[in-house]
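First the structure, in the form of structure tokens, and then the observations on it.
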Amino acid sequence: MSPPRKVSKTVPGPHWKAGETGVNIGEWFSQEPVFTEKCTYCLLCWLYCPDGAIRREDSKKLLTVEPFCKNCGICVEVCPVKAVVMVPKAEKKGKS
Amino acid sequence: MGEKKFITGDEAVAYAVKLARVKVVSAYPITPQTPIVERIAKFIADGELEADYIRVESEHSAMAGCLGACMAGVRSFTASASHGLAYMHEMLSYVAGGRFPIVLAVANRSIGPPWSIWGEQQDSIQQRDTGFIQLYVESAQEAFDTVLQAFKIAENPEVFTPVMVCLDGFHVSHTEELVEIPDQAEIDQFLPPFTPNALLNPDEPMSLTMGASDRLYTKWRYEQFQAIQAAAKVIEAVDKEYGKLFVRSYGGLVDAYRCKGADVIVVTMGGLATGAAKEAADALRKAGIKAGVLKVRAFRPFPAEAVRKHLASAKQVIVIDRDCSYGYEGALCSEVKAALCGLQPCPQVTNFIGGIGGADITPVDVQVLVKKVIKTAPHKPGGIVFQYQEEK
Amino acid sequence: MKITEIAQEEYITGSLSCAGCAELLAVRLALKVLGNRVVLIVPAGCMSTVNCYYPQLPFRVPMFVGPFAATGAILSGVSAGFRMRGIKDVHVVGLAGDGGTADIGLASLSQAIVGRRKFIYICLDNEAYMNTGIQWSSTTPYGAITTTTPLPEIVRESEQNKKDLFSIVIAHRIPYAATACPSYPFDYMEKVKRAAATDGPSFIHVLTPCQSGWGFPSSKTIAMGKMAVESGMWHLCEYRDGKLSFSYVPKNKIPVADYVKIQTRFRRMKPEHIDRLQKLVDERLQAMQEMISEPAEVAP
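Below, the structure written as structure tokens:
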């Protein structure tokens with residue numbers, strides 16, 4: 000865990016600047032989703048991801064996933080054309 | 000230049016809230032504070048106070064409403080007593096720990112059973128550990144002045160701690176006296192508009208009152224601790240400043256009455272005990288007994304240094320408690336004793352627990368008590384005297 | 000609303016919630032509609048506890064971890080404060096759980112609605128006190144195992160199935176209220192939009208299937224919500240201008256038995272209990288249909 004960041008001195012009390020995240024959740028999970036060529040860019044997986052971990056590149060119709068993906072598998076499940084597969088992280092590194 | 004009004008302590012508090020330009024009042028009625036919120040509602044209805052009155056369903060929600068308003072960036076106020084204050088308990092810790100500058104008026108009343116609507120200080124004493132600053136007033140005039148001072152103390156950047164202003168139920172809350180009320184313009188000079196912190200502000204997003212473990216938690220608690228300690232000096236400074244502008248001031252943390260050279264000093268809090276003790280001290284002095292009264296105005300932060308200073312050369316100290324920490328003794332007595340710890344020689348301390356459930360404490364009661372203590376000491380040192388304990 | 004029109008900005012990332020958490024999805028979708036000019040009041044519950052412990056602060060918008068019982072009152076206070084300051088462009092939103100709404104927070108919510116100040120109250124219903132380890136709440140369905148109802152068949156409180164929180168809220172004649180589920184995201188987001196546009200209090204009761212507490216694989220969250228609606232265990236309806244309507248009526252209602260057999264929380268249910276649940280669900284649907292003043296409008 001990263002060391003604590005400085006508290007805002009204008010506001011006394013147990014309050015903190017929003018959005019500071021010191022934990023890399025992704026480290027706890029061993030898999031990640033891969034969006035194969037079957038993908039029609041319907042964006043349902045993007046919509047249904049609870050963590051908002053899927054990123055869109057509309058111009059290229061490309062989907063990528065952020066490191067904090069929790070491997071819940073919802074994206075795999077909701078894809079109407081079964082274009083998303085969950086693979087071990089090491090395997091993906093080998094592919095690229 | 001202001002006006003004089005013949006009003007009760009509760010009404011005086013309402014006038015102070017009006018002049019403080021409070022913007023949100025979130026309150027629930029309970030005897031004996033109800034006239035406060037009724038009077039405020041009338042001010043709003045008559046257009047004399049521009050505020051939103053949230054009529055909540057419980058005291059817990061009353062303080063929560065104030066907290067919401069404070070985070071939205073406006074000055075807020077509420078009042079309670081007795082069972083209501085107990086219902087508010089969680090929120091008191093919340094508001095103090097979150098460092099929100101809210102002012103709460105308490106018309107001190109007993110908490111039953113035995114059921115009683117009458118005066119006692121058990122309700123606010125029970126809340127002494129929540130982190131609120133606690134100020135106890137003696138009269139309707141002092142209630143008015145202190146509520147205004149309370150906003151200034153709470154909103155001081157070194158403090159940012161909520162303040163509880165306590166007035167004796169019925170004895171001060173419902174008794175009419177002549178109260179001097181300055182002009183709005185004069186009060187505006189003393190109490191500037193509330194400058195909101197960027198708490199709930201989309202331009203500066205924050206996570207408020209968040210969770211923390213051990214080190215960070217302790218660090219924040221230490222800051223809270225330091226802030227309420229710093230409040231002691233602020234309470235004194237604000238009282239002085241008020242005195243310069245409006246003539247009246249109350250000694251800051253304590254008010255020492257004829258304590259110089261006193262052999263016996265009666266320590267009191269609130270109007271009933273203080274009033275009786277001051278009159279008794281005058282009568283005793285006339286009769287040759289060197290008596291004095293130390294009125295504790297700020298109970299939190301406890302003015303240990305001032306208490307020690309004024310009581311050090313007395314032989315006997317009698318602490319009047321309109322409360323009892325069952326299982327030990329009156330709370331004020333414990334705090335006084337702790338403040339005197341280590342003094343050589345140390346005054347003998349007797350605890351008188353009375354004026355509970357609305358029982359009266361008269362100047363004669365205090366005189367009798369003082370004479371009795373002088374007679375039995377030092378053979379029968381200290382001890383607790385419960386009012387009426389000798390009656391069958 | 001087209002999927003491509005939905006905002007891409009993410010206002011909550013890095014949450015410590017369980018994988019596949021429907022509450023998190025509900026919050027994420029609500030923020031997509033509301034944008035970042037919001038303030039969130041989040042009492043004790045999953046959405047505060049997993050999102051507010053230093054050093055992980057996933058919310059990128061202002062949020063306040065509030066006392067359990069007082070969400071309604073805090074919302075009233077914030078709304079009043081903003082109004083007194085002339086601030087009109089910031090949504091005041093509560094994100095409370097079923098425990099914090101139907102149980103400990105009910106009185107405060109009730110009075111807040113009566114106060115008629117502008118706020119959006121979103122109740123995220125995962126049907127138990129999930130945050131503290133799956134304890135029974137008044138919205139736990141009949142027959143569900145929780146840690147405080149290990150023998151659900153002898154639990155008196157849930158004999159009548161879930162407390163009808165929605166009926167309690169609309170009994171206040173609130174300007175806008177709706178039930179929703181993130182498994183029907185467009186219906187839900189449209190309701191959030193309507194709530195935000197309401198001049199006064201609004202309430203959305205969202206069923207959020209909980210993979211940890213209900214006992215199903217995390218990937219099945221969306222499917223579970225759909226089954227809840229298709230079996231009648233949950234309804235999608237709307238209360239607007241004093242009128243109640245269904246947003247969606249399943250054409251072929253599936254038996255409750257199909258719903259309970261795929262969640263481990265219902266594993267103690269015997270045929271007679273399932274029959275009873277089916278009966279309760281049918282009765283509730285009948286009662287609702289009697290309250291309906293308009294024919295069903297099908298959600299987009």
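Residue numbers (numbering that gives the first Met the number 0), protein chains in the order written: chain E, 0 to 95; chain A, 0 to 391; chain D, 0 to 299.
Note that CB positions come from ideal geometry on N, CA and C, so glycine has one too.
Source: prediction; values computed, not measured.
- Residue contact check for Ser206(A) against chain D: a CB pair falls below 9 Å.
- When only Cα atoms are considered, Gly98(D) and Thr138(D) end up about 8 Å apart.
- Pro49(E) and Leu39(D) have their C-alpha atoms some 18 Å from each other.
- Taking a cut-off of 8 Å on C-beta distances, the stretch 155-170 of chain A touches the stretch 125-137 of chain A, as three or more cross pairs fall below it.
- For Gly287(A), there is no enclosing alpha helix (DSSP H), since its DSSP letter is neither H nor E.
- Measuring C-alpha to C-alpha distances from Thr145(D) to each of Gln277(D), Arg267(D), Val37(D) and Gln7(D) identifies Arg267(D) as the nearest.
- The distance from the Cβ of Phe150(A) to that of Val102(A) is about 6 Å, consistent with a contact at the 8 Å cut-off.
- Contact check between the stretch 82-91 of chain D and the stretch 124-132 of chain D: fewer than three CB pairs, one atom from each, fall below 8 Å, which does not count as touching.
- Under the three-state reduction of DSSP, Trp15(E) is assigned to strand.
- Taken in chain order, the unbroken stretches of beta strand (DSSP E) that lie wholly in the stretch 286-310 of chain A and span 3 residues or more are 290-295 and 297-299.
- In the displayed model, Arg55(E) falls within a strand according to three-state DSSP.
- Among the CB atoms of chain A, one or more fall inside 9 Å of the CB of Ala17(E).
- Judged by DSSP in its simplified three-state form, Cys332(A) adopts helix.
- If you draw a straight line from the Cα of Gly34(D) to the Cα of Glu58(A), it comes to about 34 Å.
- For Ala78(A), the enclosing beta strand (DSSP E) has its first and last residue at Ser75 to Ser79.
- Inter-residue distance for Ser107(D) and Pro42(D) is about 12 Å (C-alpha atoms, whole angstroms).
- Among the bridge pairs identified by DSSP, His204(D) is matched with Cys122(D) and Thr178(D).
- Lys161(D) and Trp233(D) have their C-alpha atoms spaced approximately 10 Å apart.
- Taking 9 Å as the threshold, the shortest C-beta distance from Trp219(A) to chain E falls below it.
- Nearest to Val21(A) by alpha-carbon distance, out of Phe193(A), Ala104(A), Trp219(A) and Gly96(A), is Phe193(A).
- By the CB criterion at 9 Å, Ser115(A) and Gly356(A) fall inside the cutoff.
- Contacts between Ser109(D) and chain A, judged by CB atoms closer than 9 Å, involve Glu56 in chain order.
- Against chain A, the CB of Val205(D) has no partner CB under 9 Å away; the residue lies outside that interface.
- If you look at Glu179(A), you'll find it in the beta strand (DSSP E) that goes Glu176 to Ile180.
- Cβ neighbours of Phe159(A) within its own chain (closer than 8 Å, five residues either side excluded): Arg98, Phe99, Pro100, Ala153 and Ala226.
- The three-state reading of DSSP puts Pro87(E) in strand, counting E and B together.
- Taking all protein chains shown into account, Tyr387(A) has fewer than 16 neighbouring C-beta atoms within 10 Å of its C-beta and is therefore exposed.
- For Met90(A), the number of other beta carbons within 10 angstroms of its own is at least 16, and it is reported as buried.
- For Cys17(D), there is no enclosing beta strand (DSSP E), as DSSP marks it with neither H nor E.
- The beta-bridge partner set that DSSP reports for Cys236(D) consists of Phe245(D).
- No residue range can be given for Thr148(D), since it is assigned to no alpha helix (DSSP H) and is classified by DSSP as neither H nor E.
- Residue environment: Arg247(A) is assigned as exposed (fewer than 16 neighbouring CB atoms within 10 Å of its CB, all protein chains considered).
- Taking the Cβ atoms as the reference, Ala25(D) lies roughly 5 Å from Val205(D), within the contact range of under 8 Å.
- Shortest Cα-Cα distance from Val318(A) to any of Ile352(A), Gly287(A), Arg220(A) and Lys17(A) involves Ile352(A).
- Ala261(A) and Gly118(A) have their alpha carbons spaced roughly 30 Å apart.
- Per DSSP, the unbroken alpha helix (DSSP H) holding Asp122(A) starts and ends at Gln121 to Ile124.
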